[in-house]
Each structure stands twice: as C-alpha cells, then as structure tokens.
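Residue numbers 1 to 111, in our numbering, belong to the letters of the sequence shown in order.
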Amino acid sequence: MLTVTSDIDVLARFGRALADPIRCRILLSLRQAPAYPADLADQLGISRTRLSNHLACLRDCGLVVTVPDGRRTRYELADERLGHALDDLRAAVVAVEADQTCPDADTNGCC
1 MLTVTSDIDV LARFGRALAD PIRCRILLSL RQAPAYPADL ADQLGISRTR
51 LSNHLACLRD CGLVVTVPDG RRTRYELADE RLGHALDDLR AAVVAVEADQ
101 TCPDADTNGC C
C-alpha cells in the first residue's frame, strides 16, 4: 500500500497524463522516437494549438522534456524507462482483459 505522499503524487501525475487519449498517443509516438511539435501534430492529425496544450500537460507531469535543436525544440520522453513502463502497463492491461475469471464478466462487464 502506498502511503508516502510523493509516491502517490507520482502515480497520480502518471494517471493524469494517461487519462486523455491524445496524450497517450503522444507518449506512444515519443516512445518510438523524439519528435518536433509540427511533426507530431501532423502525425496525430490535430492542431498545433491543441498539441501544445497536451505537451504542456505532459511536461508538467514530468513525462516529456524539451531539447533545444537550433531554432527548433524537440520533444522526447523524460526517461527511457517511461517507454518500457508504457509497454509493461499496456501488456498488463491486455493480459488482465484476457483473463475473465469473474463468472459474470461476459454479461456484466468488469466485476
């Protein structure tokens, strides 16, 4: 059980970041490779303004960082372990979804 406030805050920030599908898509994209905002906006099919708001949230959560590159700014995951964590979290959720140990799961959804 988590009792240390900092541990709870860290997990809450991570949860806040994952609570929006666009932020999830950004994180998954940056897991593959660093990217510039204009390229991310085009890749995700969203406006640059909307992307900017999501990137600000991810920066505030401590999950992405900016890297100056001449006159441009590149975004990347703050730590390579975040990419592994995203992979592990996704695999765990898929595994749990596949394990239908609840007898009413088919009719009532998640128990």
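All C-beta atoms in this analysis are idealised placements derived from N, C-alpha and C, irrespective of residue type, glycine included. Quick caveat, the model's predicted, so the values are computed rather than measured.
{"Check": "Would you kindly work out how many angstroms separate the C-alpha atoms of LEU55 and ARG23, rounded to a whole number?", "Outcome": "8 angstroms"}
{"Check": "Report yes if the CB atom of TYR75 is closer than 8 angstroms to the CB atom of LEU30, and no otherwise.", "Outcome": "yes"}
{"Check": "How do the stretch 89-100 and the stretch 63-73 stand: do at least 3 beta-carbon pairs fall below 8 angstroms, yes or no?", "Outcome": "no"}
{"Check": "Indicate whether ALA41 and LEU63 have their beta-carbon atoms separated by less than 8 angstroms.", "Outcome": "no"}
{"Check": "Mapping the DSSP letters down to three states, classify ASP99 as helix, strand or coil.", "Outcome": "coil"}
{"Check": "Nearest by alpha-carbon distance to LEU27: which of LEU44, ALA92 and VAL94 is it?", "Outcome": "LEU44"}
{"Check": "Look up PRO68 in the DSSP assignment and say whether it is helix, strand or coil.", "Outcome": "strand"}
{"Check": "Cutting at 8 angstroms between CB atoms, please list the residues of its own chain near ARG48, excluding the five before and the five after it.", "Outcome": "PRO37, ALA38 and ALA41"}
{"Check": "Below 8 angstroms between beta carbons: does that hold for CYS61 and ARG16?", "Outcome": "yes"}
{"Check": "Please go through the same chain and pick out, in chain order, the residues whose beta-carbon is closer than 8 angstroms to the beta-carbon of SER52, but skip the five residues on each side of it.", "Outcome": "PRO37"}
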